[in-house]
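Reading through the structure tokens given below for one structure.
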Amino acid sequence: MTENNFNENVNPDKQSALKDVTLDELLDTVYPPRTPVIEGLLYAGTYLFVGAPKIGKSFLMAQLGIHVSKGIELWDYKVHKGEVLYLALEDDYARLQRRISQMYGVEGTDKFHLVTEAPALSEGLDSQLEIFLKEYPDCKLIIIDTLQKVRKASGELYSYSSDYEVISKLKSFSDKYNVCLLVVHHTRKMESSDAFDMISGTNGLLGAADGAFILHKKKRTDKEAVMEVVGRDQQDQEITLEFDMEFCRWNFVKSETELWKPKPDPVLEQIAGLFTEEVKEWQGTSSELLDLLPEINLKPNALTRKLNISVDRLFNEYGIHYENNRNHEGRYVILKKL
68 MTENNFNENV NPDKQSALKD VTLDELLDTV YPPRTPVIEG LLYAGTYLFV
118 GAPKIGKSFL MAQLGIHVSK GIELWDYKVH KGEVLYLALE DDYARLQRRI
168 SQMYGVEGTD KFHLVTEAPA LSEGLDSQLE IFLKEYPDCK LIIIDTLQKV
218 RKASGELYSY SSDYEVISKL KSFSDKYNVC LLVVHHTRKM ESSDAFDMIS
268 GTNGLLGAAD GAFILHKKKR TDKEAVMEVV GRDQQDQEIT LEFDMEFCRW
318 NFVKSETELW KPKPDPVLEQ IAGLFTEEVK EWQGTSSELL DLLPEINLKP
368 NALTRKLNIS VDRLFNEYGI HYENNRNHEG RYVILKKL
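If you read the sequence shown in this note's numbering, its first letter stands for residue 68, the second for the next number, and so on.
Encoded structure:
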């Protein structure tokens, strides 16, 4: 079939234009801030948590659930408190009760929700998660333990396309609801110099995810383990942890990576200085905002774009919510101190 013949046989009703944006449109758009669950470690998005069987993954998942649901700092990482849903699909409630009470005693919280049975993704799991999020809109973390329990087995179980598809579906969900999905998975038996090559399955899993955590030991009997972290929008890290046999918790030993912090931004610093205990909100045009920032040499449009791309820093570093709206008189900026 020639190219011309092929084009003649294409049904024009099934053709659709690519949904493009110009660079101007991209810079003029405000995207929701990427909110941290655990600063420097875990953010909204879909992440894999991978380790060998019986290495202590479930203890660490319970530890994360407790810290996020109670807002307790984890290993010097700041934690943002919120509801947590833990799908402990390889456990029962009696085992969870024993495990968590051994770790943290009998002081509970109604922000940590636990489930031991759930349908596969292809059988309506995403719909059930949506119902949960509507009831608990402050949910920050959903833990799925394990991936194998929510994916439907098929002849293409370990194909790149099926691996990529299952994580892509989870990522679409986490992006839609701005929530963190942490998906527990196993390593393969084959050793590798690159820990991320030990993820069971194909590269499609890691390729579709926002990041991954690999927990591994030199010897199974070691108390210490190394947790390697990689992500699209975060720094690679290598953290050494030690398992406390008495309380069954993972304790921080050291980090091989010092987290890089961006330099203070003079524009954002001056904007943050506009707010006081009495002044919590400002609204006006970018030109009016520039009048309050005499040391900033920017044109109004450039300031607006600067703020558009600084949404994350404004929200996470300065606690300022930013909006860029339009009315019949033109564009205007809203800044709110949280």
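Idealized CB from N, CA, C, for every residue including glycine.
Just so it is clear, the structure is predicted and the values come from calculations on it, not from any experiment.
Reduced DSSP category for residue i - H, G, I as helix; E, B as strand; rest coil
i, result
"Leu154", "strand"
"Lys238", "helix"
"Leu405", "coil"
"Asn392", "strand"
"Ile363", "coil"
"His134", "helix"
"Ile105", "strand"
"Thr176", "coil"
"Ile198", "helix"
"Arg398", "strand"
"Met312", "coil"
"Leu127", "helix"
"Val334", "helix"
"Leu341", "coil"
"Val233", "helix"
"Leu181", "strand"
Residue range of the unbroken alpha helix (DSSP H) whose run includes residue i
i, result
"Met170", "160-171"
"Tyr464", "Shown here, the chain extends from 68 to 405; a query on residue 464 therefore has no answer."
"Asp91", "90-94"
"Asp379", "378-385"
"Glu295", "Not the alpha helix (DSSP H): Glu295 falls in the beta strand (DSSP E), residues 291-298."
Cα-Cα separation between residue i and residue j, rounded to whole angstroms
i, j, result
"Ile376", "Phe314", "44 Å"
"Val173", "Tyr231", "40 Å"
"Ser239", "Leu93", "20 Å"
"Leu214", "Ser228", "16 Å"
"Cys206", "Leu357", "37 Å"
"Gly222", "Val233", "Because Gly222 carries a pLDDT of 48, less than 50, the predicted location of this residue cannot be relied on, and the following value inherits that uncertainty. About 15 Å."
"Tyr389", "Lys366", "19 Å"
"Glu396", "Glu344", "30 Å"
"Trp349", "Ala111", "28 Å"
"Val151", "Lys328", "28 Å"
"Tyr98", "Asp379", "9 Å"
Residue i, enclosing beta strand (DSSP E) - first and last residue
i, result
"Asn318", "316-322"
"Ala279", "278-283"
"Gly351", "348-351"
Bridge partner(s) assigned by DSSP for residue i
i, result
"Leu249", "Tyr114, Ile210"
"Ala275", "In the DSSP output, where bridge partners are listed per residue, Ala275 has none listed."
"Tyr144", "Leu141"
"Gln304", "Val296"
Proximity test, residue i beta-carbon vs the ligand MN heavy atom, cut-off 7 Å
i, result
"Thr96", "You won't find the ligand MN in this model; it holds no ligand whatsoever."
### Message
Does the contact criterion of 3 or more C-beta pairs under 8 Å hold for the region 186-194 versus the region 130-146?
### Response
no
### Message
Closer than 8 Å is the cut-off here; do at least three beta carbon pairs connect the region 99-114 with the region 142-153?
### Response
yes
### Message
Taking 8 Å as the cut-off, does the region 307-322 touch the region 277-293 (at least 3 CB pairs, one atom from each stretch)?
### Response
yes
### Task
Flag this pair as touching only if the region 332-339 and the region 363-382 have three or more C-beta atom pairs under 8 Å; answer yes or no.
yes
### Message
Does the region 120-131 come into contact with the region 274-285, if we say contact requires no fewer than three beta-carbon pairs (one atom in each stretch) closer than 8 Å?
### Response
yes
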